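Protein chains in written order, with our numbering: chain F, 1236 to 1560; chain S, 1236 to 1560.
Structure below.
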């Protein structure tokens, strides 16, 4: 870890500005606690409930902040995003709220409910064949043709700053955290959270959790450069991206202490505890940080006051049923 | 409806005293809202989230209030309850918190997880055969033998007053409700809620929801006396009691405008919306009031500001999976 933050792509002032933009627009999500959870982890756990955020995931924060940062000319020309997941709905809703035209590039075989939800927010959906076509190329072609702005899902300063507002709120509610555990896919949420933690609570430990079979974050942090890794089959679909973003990695190396792996069964166990004891529906990736904590992947956190990001709740009934089985 | 409340078994001052006893002991549960829910009902809906109460249901309020009202001699001799459901755990937890010995009479075939949870709270569990033995007789025999106090699940002034604190909190958070919709089984929650509503928001409509195949509340209100009805098979196990309590009925007749029926599928549809859109796990009875509203059983509430009691979240994984299917 380095403490020189001058050259970093996002600083705390960016998160503060994002928080001002999001005030009254994003939900200020609650912090959930549970005696059962504390007993099961040996820690005092504070869950930041981003599954209760608008569109059901933290992604709304970054997308809205990125769109709100556009100037009037950029807004008029619209935005493009490529995503089959929560980022698509986040950009679509943010665009509607800011009256910005939005085009979302989604795979042909995306869940119909997600395509419908994205259209319901007023976005134009362009589909592609994920086995033969490159969504990035399609998205960028549309952006070039229309003069629209591409809103990337994680490797963007305004997206990262927006995601950092969740940890900032958690720290306002629970100022004396010893540690924060955050799921990592591309790294938007972890990088943004780390910026907030280092500024407000520098002595706390900042930890990431990625799928056990995907070492994109762990290897990249070790090598100091983005690495592309194969991602095996996992239920943790919010973290299936094969790489961490460039800006995200710079922030991870500056601010994050450690990343650990979590496997599907550990995430499912966390989903089960959340549903049966805390009555909360959380998606596998959304429960992955808690899953790692429950599985004992952070033995140094026993006795600590630990924040955990529950990052999203958009799970299919089938996967939820599997967690409960 | 009569407005003469002098002879009624519970008055608002009783609810206020219960609220003082419960302060810092019961959770002050949140009020949940959802744009999807408002669109689906045509109303502005405020859900009081008692599935997030201690033991996962509103029952903790009444049980704790009843035990807290006992004098030191009564507390020393202990309490007895007969229940296979949320009331058992509510009495067990309240007893532990107040250091009162508790005996819970449960059927031999009660779900093992519920028996274990009740024992975990430190209560003694006595089992009986629900097909050949009478739980009330067993409970009363134990009470007589030990000098213990029976804590009934609904037909008791302190229980009713305790249950009334949930609606009181809701009114503090949302003072301008036009109506409140509450599930009714034995009538503790509806009677207590109605006392609070009539005192704080007398112009609002107070409505109950019971299983469609059980007319215990509707027939009793019409006839003016408690009626025993057969209860068909229903998933609404929190409302399977074949009668409304005597005290409860007096309060219903004084304060409640109307009771409507809800069928299993309507409750399951509400559970599904709660899980998929609001990310909340609610049991069938807990979702029954919302189910009736969603099913259009209260057409007069279109455009109104409607409070809905989500009364509990203790659902088996199997039933939750069925709601999601």
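Note that CB positions come from ideal geometry on N, CA and C, so glycine has one too. Bear in mind that the values here come from a model prediction, so they are computed numbers and not experimental data.
Where does residue 1560 of chain S land, buried or exposed, given buried means 16+ other C-beta within 10 angstroms? Classification of residue 1560 of chain S: exposed, given that the 10 Å Cβ count is below 16.
Buried or exposed, going by whether 16 or more other CB atoms sit within 10 Å of the CB of residue 1264 of chain F? Under a 10 Å Cβ-count criterion, residue 1264 of chain F is classified as buried, with 16 or more other Cβ atoms of the shown protein chains found around its own Cβ.
Within 10 angstroms of its Cβ, does residue 1445 of chain F collect 16 or more other Cβ (buried), or is it exposed? Buried, because 16 or more other Cβ atoms sit within 10 Å of the Cβ of residue 1445 of chain F.
Going along the chain, which residues of the region 1270-1291 of chain F sit with their C-beta nearer than 7 angstroms to a C-beta in chain S? Listed by position, the residues of the region 1270-1291 of chain F near chain S (Cβ gap below 7 angstroms) are 1286, 1287 and 1291.
Are the C-beta of residue 1326 of chain S and some C-beta of chain F separated by less than 8 angstroms? At a cut-off of 8 angstroms between C-beta atoms, residue 1326 of chain S does not count as an interface residue with respect to chain F.
Taking 8 angstroms as the CB-CB limit, is residue 1519 of chain S close to chain F? Interface residue (Cβ-Cβ distance to chain F less than 8 angstroms): residue 1519 of chain S is not classified as such.
Which residues in chain S have a C-beta closer than 8 angstroms to the C-beta of residue 1503 of chain F? List them in chain order. Neighbours of residue 1503 of chain F on chain S: none; closest Cβ ~12 angstroms, over 8 angstroms.
Contacts that residue 1446 of chain S makes with chain F (C-beta to C-beta distance below 8 angstroms): Scanning chain F for C-beta atoms nearer than 8 angstroms to the C-beta of residue 1446 of chain S yields nothing, as the closest lies near 22 angstroms away.
Segments of 4+ residues assigned as alpha helix (DSSP H) that fall wholly inside the region 1381-1412 of chain S: List check, alpha helix (DSSP H) in window: 1392-1408.
Considering only the beta carbon of each residue, do residue 1467 of chain F and residue 1448 of chain F sit closer than 8 angstroms? If you check the CB distance, residue 1467 of chain F and residue 1448 of chain F come in under 8 angstroms.
If you follow the alpha helix (DSSP H) that residue 1443 of chain F is part of, which residue opens it and which one closes it? Note, residue 1443 of chain F: premise wrong, no alpha helix (DSSP H); beta strand (DSSP E) at 1440-1446.
Indicate whether residue 1353 of chain F and residue 1361 of chain F have their beta-carbon atoms separated by less than 8 angstroms. The Cβ atoms of residue 1353 of chain F and residue 1361 of chain F do not sit closer than 8 angstroms to each other.
Take residue 1486 of chain S as the anchor and find which of S:1496, S:1391 and S:1363 has the nearest alpha-carbon. In this structure, S:1391 is the residue among S:1496, S:1391 and S:1363 with its C-alpha nearest to the C-alpha of residue 1486 of chain S.
Just curious, the beta strand (DSSP E) that residue 1418 of chain S is in, first and last residue? Where residue 1418 of chain S is concerned, the enclosing beta strand (DSSP E) stretches over 1414-1418.
If you follow the alpha helix (DSSP H) that residue 1331 of chain F is part of, which residue opens it and which one closes it? In the DSSP assignment, residue 1331 of chain F falls within the unbroken alpha helix (DSSP H) covering 1321-1332.
Exposure of residue 1236 of chain S, with buried meaning 16 or more beta-carbon neighbours within 10 Å: Model confidence at residue 1236 of chain S stands at a pLDDT of 48, short of 50, so the residue's coordinates are unreliable; what they give is reported in the following sentence. Around the beta carbon of residue 1236 of chain S, fewer than 16 other beta carbons lie within 10 angstroms, which makes this residue exposed.
Assuming residue 1530 of chain S and residue 1501 of chain S form a contact by the criterion Cβ under 8 angstroms, report the distance between their Cβ atoms to the nearest whole angstrom. That belief holds up - the Cβ atoms of residue 1530 of chain S and residue 1501 of chain S are roughly 4 angstroms apart, short of 8 angstroms.
What three-state label does DSSP hand residue 1541 of chain F in the structure shown? The DSSP-derived three-state label of residue 1541 of chain F is strand.
Between the Cα of residue 1519 of chain F and the Cα atoms of F:1488, F:1511 and F:1504, which residue gives the shortest distance? The option with the nearest alpha carbon to residue 1519 of chain F is F:1504.
Could you check what DSSP says for residue 1450 of chain F in three-state terms: helix, strand or coil? It is coil, neither helix nor strand.
Looking at the C-beta of residue 1554 of chain F, does it have a partner C-beta in chain S at a distance below 8 angstroms? No, its Cβ sits nowhere closer than 8 angstroms to a Cβ of chain S.
Between the region 1395-1422 of chain S and chain F, which residues of the former have CB atoms less than 9 angstroms from a CB of the latter, in chain order? Cβ contacts with chain F: none found.
Does the region 1397-1411 of chain S come close enough to the region 1426-1441 of chain S to have 3 or more Cβ pairs within less than 8 angstroms? Taking 8 angstroms as the limit for Cβ pairs, the verdict is that the region 1426-1441 of chain S does touch the region 1397-1411 of chain S.
Tell me, please, whether the CB atom of residue 1336 of chain F is closer than 8 angstroms to any CB atom in chain S? Not a single CB atom of chain S sits nearer than 8 angstroms to the CB of residue 1336 of chain F.
Check the DSSP bridge columns for residue 1379 of chain S and list the partner residues they point to. Paired residues: none, contrary to the question.
Which bits of chain F does residue 1524 of chain S rub up against, with CB to CB less than 8 angstroms? Contact note: residue 1524 of chain S does not reach chain F at a C-beta cutoff of 8 angstroms; the least C-beta distance is about 17 angstroms.
Which chain F residues sit within Cβ distance under 8 angstroms of residue 1515 of chain S? The answer, in chain order, is 1514, 1515 and 1516.
Out of F:1303, F:1410, F:1539 and F:1363, state which residue places its alpha-carbon closest to the alpha-carbon of residue 1255 of chain F. Selected option, being the one with the closest Cα: F:1303.
I'd like to know whether the C-beta atoms of residue 1379 of chain S and residue 1413 of chain S end up nearer to each other than 8 angstroms. In this structure, residue 1413 of chain S does not lie closer than 8 angstroms to residue 1379 of chain S by Cβ.
Indicate whether at least one CB of chain F lies closer than 8 angstroms to the CB of residue 1548 of chain S. Residue 1548 of chain S counts as touching chain F.
If the cut-off is 8 angstroms on Cβ atoms, which residues from the region 1259-1270 of chain F count as contacting chain B, listed in chain order? Among the protein chains in the structure shown, which are F and S, there is no chain B.
With which residues is residue 1511 of chain F paired in a DSSP beta bridge? Bridge partners of residue 1511 of chain F: none, in fact.
Contact check, residue 1298 of chain S vs residue 1322 of chain S, beta carbons under 8 angstroms: Yes, these two residues count as a Cβ contact at 8 angstroms.
With DSSP run on the structure shown, which of helix, strand or coil describes residue 1316 of chain S? If DSSP states are grouped into helix, strand and coil, residue 1316 of chain S belongs with the strands.
Between residue 1389 of chain S and residue 1483 of chain S, which are expected to be in contact by the criterion C-beta below 8 angstroms, what is the C-beta distance as a whole number of angstroms? Residue 1389 of chain S to residue 1483 of chain S, Cβ: 6 angstroms. Contact.
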